[in-house]
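Chains as they are written, first to last, in the numbering used here: chain A, 81 to 536; chain B, 11 to 204. Backbone N, C-alpha and C define an ideal beta-carbon position, used for all residues, glycine too. Below is one structure, written out as structure tokens; the observations come after it.
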Amino acid sequence: MSDTGVTPKSASQLNDEMLSSMRPPTKRWFILAFFLGLVVAWGLGAFTWQVTHGMYVTGKNRPCMWALYITGFVFWVGMSHSGTMVSSILRLSQANWRRPILRAAEAMTVFSITVAGLFPLIHLGRNWIFFYLIPYPNQRGLWPNFRSPLLWDMMAITTYIIGSSLFLYLGLLPDLAIVRDRSIGWRRTLYTILAMGWRGSAHEWSVYHKASTLMAALIIPVAVSVHSIVAWDFAVTVVPGWHSTIFPPYFVIGAILSGIAAVITLMIIIRRAFHLEEYLTAQHFDNMGKLLLMISLLWAYAYFVEVQTTWYAHEPIEWEVFQFMAGKYTLPLIIMLIGNAVLPITAMCFKKLRRSIGMMLVVSLWVNVSMFLERFLIIVPSLSHKNMPFMWNVYHPSLVESSVNLGALAGFALMYTLFCKLFPIIGVTDVRELEVRQAEVAMGRARLASIAGKDE
Amino acid sequence: METLGIFSDVDSAARAVDNLVREGFTESQITSLTSVPYPAGVLVINKHRSWFRWLALAGGIAGTLAGFSLAAGTAWVYPVQTGDKPIISSYPTAIIAYELTMLFAMIGTIVGMFLEMKLPTLKKRPYDPAIADGCIGISLTIHAEGERITCEPGVRPGECIGGVASLSASQQKERAGEIMRAAGVLRIIEEERQ
Chain A
81 MSDTGVTPKS ASQLNDEMLS SMRPPTKRWF ILAFFLGLVV AWGLGAFTWQ VTHGMYVTGK
141 NRPCMWALYI TGFVFWVGMS HSGTMVSSIL RLSQANWRRP ILRAAEAMTV FSITVAGLFP
201 LIHLGRNWIF FYLIPYPNQR GLWPNFRSPL LWDMMAITTY IIGSSLFLYL GLLPDLAIVR
261 DRSIGWRRTL YTILAMGWRG SAHEWSVYHK ASTLMAALII PVAVSVHSIV AWDFAVTVVP
321 GWHSTIFPPY FVIGAILSGI AAVITLMIII RRAFHLEEYL TAQHFDNMGK LLLMISLLWA
381 YAYFVEVQTT WYAHEPIEWE VFQFMAGKYT LPLIIMLIGN AVLPITAMCF KKLRRSIGMM
441 LVVSLWVNVS MFLERFLIIV PSLSHKNMPF MWNVYHPSLV ESSVNLGALA GFALMYTLFC
501 KLFPIIGVTD VRELEVRQAE VAMGRARLAS IAGKDE
Chain B
11 METLGIFSDV DSAARAVDNL VREGFTESQI TSLTSVPYPA GVLVINKHRS WFRWLALAGG
71 IAGTLAGFSL AAGTAWVYPV QTGDKPIISS YPTAIIAYEL TMLFAMIGTI VGMFLEMKLP
131 TLKKRPYDPA IADGCIGISL TIHAEGERIT CEPGVRPGEC IGGVASLSAS QQKERAGEIM
191 RAAGVLRIIE EERQ
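So this is what it looks like as structure tokens:
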């Protein structure tokens, strides 16, 4: 019994609770997985229709040749950004509240970048020759041109998929050993292979911590570079509305905003679905809310600077794009501005609202809807009203494009749902490490929690 | 040869380590097996100097070279003349080289980490699944009589090896077992002979 009169939980109890997501699937889980599978199948069906009938089934036409697929691509890349970024920064800064949320964030990164990576391939006209993008000696007499930002994209996304998967795996390693020791049958075989013979010796832990810190430091510049490169896809062109020096930092800020909101949404779902209220507490939402507030302020500043500069210069073609966007897409623009700036900035100022799960769900979902709209409003109006007025056009998304995007969302959710059943969604050793390092010490009339610091 | 004692709590495990050291076993012979990391010195002192970061650095350098070769090298081998622009463009080359530098450095980190941990291993080593549920394993590597232990630089063999090294392996194992039992071990697991 502790001094506070509460019996501390044993390691076994903590393991049981934190691994509750891995219990045998319930009927509701199967229904959810089946439903998501159906939506994915619908999306795949739409894509197959596009492959067999040609690109005319999409709403794309001159001059708007990038549309909903590239919107989806930029959105998912952005979402992937923050998972690893939040995890790395909190790891490096030794923020103890990070522990229960790391896994959810890291898994989100891997699945969203995987979904993002599919969009350029879906967007290609002749998808079946996608391998022309890959640089290898061939008999076609073709070699990918590295001057093209699309090749930079391919390299950056490949690096990020591999890097964030390694980062996720690294975090999972000690937990896989725990799961291995508590499982039987095919699961035991799977976790035995994945745990690589981890025993948790003092030497293993020491090397592991150094490797985790180094990986966290390495993955941050990769994450920044990935979204900067995606921004360069736009910024290095001479399309009005895109050719802007602020684009890379603006994209990175938007990506972090979107990612933090997505992590909050996932935390709420996981907390509710697996009864993890003791581990994902109001304090975690409070802290994530503060992060959201800060990034939202940054986003609002970046957006203001971009619009203000264009407005002040009043270059006709640049201003035409903004006018067209404000006139034709007024409602999405208002939803976007409220969702990305007005709502999070006002709501997240209040501790009570940051600690309200319902409010956090509304804000985080609205932020991501707004971020999708923001990507759309960057891409479509600029292309619709480019330099040559005789080619101006208005883009309307087709059912095929909407279905593929919906399928992608369901694909992400399905991968996440399966991951929760197969792997620990809470960092078990991370959380238990804090329990080990934590003690109550007497100071004056109070007893305060004290946490043993770093080993060095 | 490895002997593993399983303890139910940190205090009894730490007591066993203290008594093993007092008996003459060295810190380098003793390690802890735990499901969560304990601060250095709580159970054992780990003095290993880590080298895997050199592999990460080597990976990074290899990545830079690979990226440069891929972007600049292939542009030079398959020149595409576009206006008066240079055949090798520094901006894209830097981007590709940067991405591959980071990729190879990350792969180097993970590979180096596993190499330094000597994982995965095919050899069956003493272990107990109870460790996952919070038990503490104290593992003692026993050196057979006459077998020399590698000492750290600057430490004399007499200080490094420890007094019990002069005993036979079975006698050492017996002494270690007695000490662990006195400290409250739950069970002792011996390494299977290969």
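Problem - B:K215 versus A:S228: straight-line alpha-carbon distance, rounded - result: Because chain B in this structure spans residues 11 to 204, residue 215 of chain B falls outside the shown range and cannot be described.
Handout entry: Which residues DSSP lists as bridging B:I199, in chain order
Key = The residue you call residue 199 of chain B lines up with position 189 of the second sequence. DSSP, once it has assigned bridges, lists B:L14 as partnering B:I199.
Exercise for the section: Compare the Cα-Cα distances from B:G51 to each of A:S192, A:A185, A:R527, A:R517 and report the closest residue. Expected result: Within the second sequence, numbered from 1, the residue matching residue 51 of chain B stands at position 41. When only C-alpha atoms are compared, the closest one is A:R517.
Problem - Length at least 4, wholly inside the region 204-284 of chain A: the alpha helix (DSSP H) runs in chain order - result: 229-261, 265-275
Practice task
Using a Cβ-Cβ cut-off of less than 9 angstroms, give me the residues of the region 88-104 of chain B that come near chain A, in sequence order.
Solution key: Y88, V90, T92, K95, S99, Y101, P102, T103
Handout entry: Chain-ordered neighbours of B:D143 on chain A, where CB pairs are closer than 7 angstroms
Key = Sequence index remark: in the second sequence, residue 143 of chain B carries index 133 (1-based). Within chain A, the residues near B:D143 are A91, S92, N95.
Problem - When A:A291, A:M188, A:V316, A:L441 are compared against A:F365, the one with the closest alpha-carbon - result: By one-based count along the first sequence, residue 365 of chain A stands at place 285. Nearest option by C-alpha distance: A:L441.
Handout entry: Straight-line Cα distance separating A:N485 from A:I414
Key = By 1-based counting over the first sequence, the position of residue 414 of chain A is 334. By 1-based counting over the first sequence, the position of residue 485 of chain A is 405. Taking the straight line from one Cα to the other gives about 22 angstroms.
Exercise for the section: Less than 8 angstroms between the CB atoms is what I'm expecting for A:I326 and A:V387, so what's the real figure, rounded? Expected result: Position 246 of the first sequence, counted from the start, is the residue given in the question as residue 326 of chain A. Position 307 of the first sequence, counted from the start, is the residue given in the question as residue 387 of chain A. Not really, about 10 angstroms apart at Cβ, beyond 8 angstroms.
Problem - Where B:A192 sits in the DSSP three-state scheme - result: The residue given as residue 192 of chain B occupies position 182 in the second sequence. Looking at B:A192 - three-state DSSP - the assignment turns out to be helix.
Handout entry: Buried or exposed (CB count within 10 angstroms, at least 16 for buried), A:D261
Key = For the purposes of this step, residue 261 of chain A is taken as residue 181 along the first sequence, with counting starting at 1. With 16 or more Cβ atoms within 10 Å of its Cβ, A:D261 is classed as buried.
Problem - A:Y288 vs A:L256 beta-carbon contact at 9 angstroms - result: On the first sequence, residue 288 of chain A is found 208 positions in, with the first residue counted as 1. On the first sequence, residue 256 of chain A is found 176 positions in, with the first residue counted as 1. No; because the gap between Cβ atoms is not below 9 angstroms, this pair is not in contact.
Problem - Buried or exposed (CB count within 10 angstroms, at least 16 for buried), A:D510 - result: Along the first sequence, read from residue 1 onward, the residue named residue 510 of chain A stands at position 430. By the 10 Å Cβ count, A:D510 comes out buried.
Practice task
Would you give the residue range spanned by the alpha helix (DSSP H) that A:L118 belongs to?
Solution key: Indexing the first sequence from 1 puts residue 118 of chain A at position 38. 107-133 is the extent of the alpha helix (DSSP H) around A:L118.
Problem - Any chain B beta carbon closer than 9 angstroms to A:M81 - result: Taking the first residue of the first sequence as 1, we reach residue 81 of chain A at position 1. With a pLDDT of only 42 at A:M81, under 50, the local geometry of the prediction cannot be trusted, and the value read off the model is given with reservation. By this cut-off, A:M81 is not an interface position.
Exercise for the section: Alpha carbon to alpha carbon, how far is B:A68 from A:M159? Give it in angstroms, no decimals. Expected result: What you label residue 159 of chain A is simply residue 79 of the first sequence in a count that begins at 1. What you label residue 68 of chain B is simply residue 58 of the second sequence in a count that begins at 1. Each residue's alpha carbon lies about 31 angstroms from the other.
Exercise for the section: Give a yes or no on whether the minimum CB-CB distance between B:V54 and chain A is below 9 angstroms. Expected result: Numbered from its first residue, the second sequence carries residue 54 of chain B at position 44. B:V54 counts as touching chain A.
Exercise for the section: Could you tell me whether the Cβ of A:T194 comes closer than 9 angstroms to any Cβ of chain B? Expected result: What you label residue 194 of chain A is simply residue 114 of the first sequence in a count that begins at 1. No - not a single Cβ of chain B is within 9 angstroms of the one on A:T194.
Problem - Reference A:L489; option with closest CA among A:L246, A:F115, A:R171 - result: Mapped onto the first sequence, residue 489 of chain A falls at position 409. Considering only alpha carbons, the answer is A:F115.
Problem - Cross-chain neighbours of A:R267 in chain B, by beta carbon under 9 angstroms - result: Locating residue 267 of chain A in the first sequence gives position 187, where the first residue counts as 1. Residues of chain B passing the Cβ test: none, with the nearest at roughly 14 angstroms.
Practice task
Spell out whether any CB of chain A is found under 9 angstroms from the CB atom of B:M112.
Solution key: Here residue 112 of chain B is taken as the residue at index 102 of the second sequence, counted from 1. Interface residue, yes.
Problem - Unbroken stretches of the beta strand (DSSP E), 3 residues or longer, contained in the region 47-102 of chain B - result: none
Exercise for the section: List the endpoints of the continuous beta strand (DSSP E) containing A:S530. Expected result: Locating residue 530 of chain A in the first sequence gives position 450, counting from the first residue. Here the beta strand (DSSP E) through A:S530 covers 526-531.
Practice task
Taking all protein chains shown into account, decide if B:G93 is buried (16 or more other Cβ within 10 angstroms of its Cβ) or exposed.
Solution key: Position 83 of the second sequence, counting from 1, holds the residue named residue 93 of chain B. The residue in question, B:G93, is exposed, as its Cβ has fewer than 16 Cβ neighbours within 10 Å.
Exercise for the section: Quick one: list the residues of chain B neighbouring A:I242, beta-carbon separation under 8 angstroms, in chain order. Expected result: Sequence index remark: in the first sequence, residue 242 of chain A carries index 162 (1-based). Those within 8 angstroms of A:I242 in chain B are L113, M116, I117.
Problem - Limits of the unbroken alpha helix (DSSP H) element including A:T164 - result: Residue numbering aside, residue 164 of chain A sits at position 84 when the first sequence is read from its first letter. First-last of the alpha helix (DSSP H) with A:T164: 148-172.
Practice task
Please confirm if B:T44 has its CB atom under 9 angstroms from at least one CB of chain A.
Solution key: Within the second sequence, numbered from 1, the residue matching residue 44 of chain B stands at position 34. Closer than 9 angstroms to some Cβ of chain A, the Cβ of B:T44 qualifies, so yes.
Practice task
For A:H203, count neighbouring C-beta atoms within 10 Å of its own C-beta (all shown protein chains included) and say buried if the count is 16 or more, exposed if not.
Solution key: Within the first sequence, residue 203 of chain A is the residue found at index 123, counting from 1. Buried, since its Cβ has 16 or more Cβ neighbours within 10 Å.
Problem - Residue burial classification, A:N207 (beta-carbon count within 10 angstroms, cutoff 16) - result: One-based indexing of the first sequence puts residue 207 of chain A at position 127. Its Cβ having fewer than 16 others within 10 Å, A:N207 is exposed.
Problem - chain B contact for A:T84 (CB, 9 angstroms cutoff) - result: Numbered from 1 along the first sequence, position 4 holds the residue referred to as residue 84 of chain A. Since pLDDT at A:T84 reaches only 49, below the 50 mark, its modelled position is unreliable, and no value is offered.
Handout entry: Proximity test, Cβ basis, 9 angstroms: B:S60 and chain A
Key = Within the second sequence, numbered from 1, the residue matching residue 60 of chain B stands at position 50. It does: the Cβ of B:S60 has a partner Cβ on chain A nearer than 9 angstroms.
Problem - chain A contact for B:F35 (CB, 9 angstroms cutoff) - result: Counted from its first residue, the second sequence places residue 35 of chain B at position 25. It does not; no Cβ of chain A falls within 9 angstroms.
Handout entry: Chain-ordered residues of the region 218-231 of chain A with a beta carbon less than 7 angstroms from chain B
Key = W223, N225, F226, R227
Problem - Contacts that A:S281 makes with chain B (C-beta to C-beta distance below 8 angstroms) - result: By one-based count along the first sequence, residue 281 of chain A stands at place 201. By Cβ distance, chain B contributes T41, S42, L43, S149.
Practice task
Answer yes or no: does any C-beta atom of chain B fall closer than 9 angstroms to that of A:M295?
Solution key: On the first sequence, residue 295 of chain A is found 215 positions in, with the first residue counted as 1. Chain B contact via Cβ: present.
Handout entry: CA nearest to the CA of A:P143, picked from A:T361, A:S436, A:W472
Key = In the first sequence, residue 143 of chain A corresponds to position 63, counting from 1. Looking at the Cα atoms, A:W472 is the closest of the given residues.
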